[in-house]
Every structure is written in structure tokens, then in C-alpha cells.
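Beneath this line is the structure, given in C-alpha cells, with notes to follow.
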Ligand code: KG4
Ligand code: ZN
């Protein structure tokens with residue numbers, strides 16, 4: 008069955024994306040036109056205000072908020088895109104990994120919506136969507152080295168092709184976004200912690216508190232942040248009661264330590280990437296919410312320049328959770344002729360855990 012419109016020899020796919028895996032209820036329409044993506048709408052309702060008092064996302068509250076909002080967000084995305092339901096070629100919905108209640112709501116809605124319209128459903132791996140987003144905003148060919156840094160993940164991966172991912176390193180304990188969020192909570196700052204720590208760090212002295220750089224200098228490309236988090240807490244306890252200046256300095260010290268770890272581990276992975284992928288190893292991508300950090304972007308730019316890699320980072324709004332990345336992943340699957348079997352897709356259930364490397368195993 009061919010769902011794409013063929014216009015003057017061009018192939019066009021229009022896909023609705025749905026994202027509900029954490030604390031954003033999001034819907035978006037993206038159009039794929041001969042390899043280029045166009046975001047027709049990108050609607051995100053953030054539940055930050057609900058979770059802020061708890062210093063982190065409360066899964067049950069998140070699920071309850073997605074439910075009444077999701078249909079409205081879909082209608083909103085279609086209206087803003089000026090696209091009718093019938094003009095859609097497919098519906099893509101996050102199927103995991105994430106908070107199970109939210110994923111169930113988004114995936115079930117997507118399946119029902121697609122089925123009622125007689126269109127295909129594409130269950131999307133949230134991490135894969137983060138990994139492919141750079142290709143929505145720029146022309147980035149496979150293979151590329153990916154640093155995926157979010158609230159739940161910290162991984163270095165070679166994206167070899169669509170659906171083909173090779174893990175070079177990952178965190179042994181906390182995710183990097185979690186390290187930012189837990190630090191913020193400990194220092195009494197707001198949730199999510201990353202943006203506020205970045206803002207405070209800009210006013211602070213990164214050298215005042217000497218924090219460790221776990222695993223730096225090691226030959227493998229893994230990360231560890233839990234010891235660093237404990238060291239920060241001990242430094243904060245030692246300096247208490249904390250003035251605004253103390254907090255700025257602690258934020259600067261923590262951000263600097265986290266970024267040093269990211270850079271050191273990425274350099275190891277980049278060496279492996281360049282050695283093993285030869286002349287095709289030209290591109291590096293940073294994705295996930297932490298990629299919104301401007302200091303990280305600048306430091307990574309310098310590292311990539313040194314290693315003759317071209318750095319690609321999606322605009323900040325596409326780094327944090329959104330549905331455009333889910334719709335785009337659906338477009339990529341359609342464009343590569345990899346539409347999933349519809350009986351299997353319709354019976355797929357939400358997955359709280361779903362490692363990216365499992366996708367490669369299926370090829
Ligand atoms: O990808 P994302 O939106 O959601 C997950 O899938 O986790 O990432 C959210 C994470 C949070 O931990 C947040 O603190 C972090 O990204 N983050 C940042 C910045 N903006 C968001 N971390 C550091 N600096 C930032 N500017
Ligand atoms: Zn995410």
C-alpha cells in the first residue's frame with residue numbers, strides 16, 4: 008500500500024508524531040520532502056509546574072496529566088499545520104523507553120487514531136528519535152558519532168544507519184541530566200536543574216570547589232556521575248549555610264566537572280570512531296535535553312575541530328523532549344521503506360525499557 012503523495016516526481020510524507028514518555032505532552036506534524044524535513048507544527052505542553060515542587064517527575068501525576076491533554080494536543084498540531092487527518096500518511100508514537108503510564112497513553116492514542124483513519128502506526132523508540140533529530144534540522148549522513156545526553160540517558164553511540172546503533176560507552180550509574188537535576192534539588196534550585204545550573208554557573212567561579220572527574224583518562228568510553236554528585240553534596244554541606252555566591256560557585260564547579268567528563272569520554276569514543284570507520288567518520292551529533300547547554304556545545308565544538316569532525320546540534324527546542332523528533336523518525340522509516348508490519352505494530356505494548364542496541368539486533 009502506498010500512502011505517500013507523489014507530486015511532480017517528488018515523494019512527500021506527512022506524519023503526525025505523539026510524545027508522552029516523560030513530562031511533556033506533545034504532538035507535531037512533520038513533512039518529509041525528498042530527504043528534507045519541514046516542521047509544520049510542534050506543540051508541546053510541559054508539566055514542569057506540576058513536578059517542580061517535588062524536584063523531579065512524579066510518574067503517576069505525569070500519566071494523569073497526559074490523559075486529558077493528548078487529544079487536544081493532536082487537534083492543535085493538525086490545525087496549526089493546516090493538515091487534515093486524511094492528509095496524514097502515518098502516525099508515529101513513542102512506544103518507549105519512558106514512564107510506563109505516559110507511554111501507554113500516547114501509544115494507545117496513536118494506535119487508535121491511526122486505526123480509525125486507516126493509516127499505518129509507527130511505534131518509535133524515544134532514544135532513536137533523539138538520535139535522528141539532527142537529520143531533521145541539517146543534512147547529516149550516516150555514520151555519525153552520537154553523544155546522547157538526557158535526563159534518563161548518557162551514551163556514546165555510532166549511528167551506522169537507520170535502526171543500526173553501536174554502543175561505545177554509557178553511564179554506569181546516573182544519567183547526566185539526572186546529575187544536573189539532583190544537584191539542583193540539593194542546592195534548593197528549581198526543576199529541571201540543567202538550565203538553572205547553567206545560568207548560575209555563568210556567574211560563578213568553577214575553580215573554587217575542586218570536584219573529581221570520575222573515569223577521566225580511562226581507555227573505555229563509559230561514564231560515572233554518582234561519586235561526583237556525592238562530592239558536590241559534601242562540598243555544599245561543608246560550605247553551609249550557602250550564600251547565593253556559594254551556590255553559583257558550586258554550580259560552576261559541578262558543570263565544569265560534568266563537562267570535563269563528557270569531553271574526555273567523547274574524545275575516547277571519537278578515536279575509536281575515526282579508527283574504525285575511516286573516511287566515512289566525519290560527523291558528530293549531540294542530542295537529548297542536556298545538549299541545550301551552550302557551554303557544552305562550545306566545548307564540544309572545539310573538540311570536534313581538533314578531531315576533524317563536523318559537529319551538529321539540533322536547535323534547543325528540538326533537543327528537549329518534543330513530538331517533531333517522533334514524527335521525523337516516522338518519516339525516516341517510511342522513506343527508507345521500513346514501515347513496520349502493521350499487525351505487530353498494532354499489538355506492540357508500551358516499553359519502560361528499550362535499549363537502542365536492541366533495534367540493531369532485529370535487522
Ligand atoms: O531529553 P530530555 O528533554 O528528557 C529526557 O528524555 O530525559 O532531557 C531533560 C534533561 C533534564 O535532566 C534537564 O535538566 C536537562 O535535560 N537539561 C539541561 C539543560 N536543559 C535541559 N542540562 C544542562 N544544561 C541545560 N541547559
Ligand atoms: Zn528525551
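In my numbering, the protein residues as written are 8 to 370. Idealized CB from N, CA, C, for every residue including glycine.
Legend entry - Neighbourhood of residue 204 by C-beta, 8 Å cutoff - its chain only, sequence neighbours within 5 removed: 187, 190, 191, 196, 258, 261 and 262
Inset, instruction - Output yes or no for whether 9 Å exceeds the beta carbon distance between residue 143 and residue 81. - result: no
Inset, instruction - Report the residue from 223, 246 and 227 whose alpha carbon sits nearest the alpha carbon of residue 235. - result: 223
Inset, instruction - Tell whether a beta-carbon distance below 9 Å holds between residue 134 and residue 155. - result: Their beta carbons are under 9 Å apart, which means residue 134 touches residue 155 by this criterion.
Legend entry - residue 56 CB to nearest heavy atom of the ligand ZN below 8 Å: Proximity of the beta carbon of residue 56 to the ligand ZN is not indicated: no heavy atom of the ligand is located closer than 8 Å.
Inset, instruction - For residue 230, name the three-state secondary structure that DSSP assigns. - result: Residue state, collapsed to three classes: strand.
Inset, instruction - Let me know the beta strand (DSSP E) ranges lying completely inside the region 256-302, each 3 residues or longer, listed in chain order. - result: Runs found: 290-294.
Inset, instruction - Can you grab the Cα-Cα spacing for the pair residue 206 / residue 158, in whole Å? - result: When rounded, the distance between both Cα atoms is 18 Å.
Inset, instruction - Would you check whether the ligand ZN has a heavy atom nearer than 8 Å to the C-beta of residue 224? - result: no
Legend entry - Distance, residue 32 Cα to residue 90 Cα: 20 Å
Legend entry - Whole-angstrom distance between residue 168 and residue 12, CA atom to CA atom: A caution first: residue 12 carries a pLDDT of 43, below 50, which makes its placement in the model too unreliable to give a value.
Legend entry - beta-carbon residue 303 near the ligand KG4 non-hydrogen atom, thresh 8 Å: yes
Legend entry - Bridge partners - residue 46, DSSP secondary structure assignment: Answer is 37, bridged to residue 46.
Legend entry - Three-way DSSP call (helix, strand, coil) for residue 8 in this model: Caution applies to residue 8, whose pLDDT of 31 falls short of 50 and renders its modelled position unreliable; the value that the coordinates give is listed next. The answer is coil: DSSP assigns residue 8 none of H, G, I, E or B.
Legend entry - Bridge partner(s) assigned by DSSP for residue 177: Beta-bridge pairing links residue 177 to 162.
Inset, instruction - Quick one: using the 10 Å Cβ neighbour count with 16 as the cut-off for buried, is residue 293 buried or exposed? - result: buried
Legend entry - Short Cβ contact (9 Å threshold) for residue 18 with residue 43: Not closer than 9 Å, so no.
Legend entry - CA-to-CA distance, residue 311 to residue 183, given in whole angstroms: 20 Å
Legend entry - beta-carbon residue 328 near the ligand ZN non-hydrogen atom, thresh 8 Å: yes
Legend entry - Assigned exposure category for residue 350 - 16 Cβ within 10 Å defines buried: Exposed: under 16 other Cβ atoms inside 10 Å.
Inset, instruction - Mind reading off the beta-carbon distance from residue 104 to residue 360? Whole number of angstroms is fine, and I expect it under 8 Å. - result: 5 Å
Legend entry - Secondary structure of residue 140, DSSP reduced to three states: coil
Legend entry - Chain-order list of residues whose beta-carbon lies under 7 Å from that of residue 274 (same chain, five-residue window excluded): 310
Legend entry - Sequence-distant residues of the same chain with beta carbon closer than 7 Å to residue 240, five excluded per side: 193
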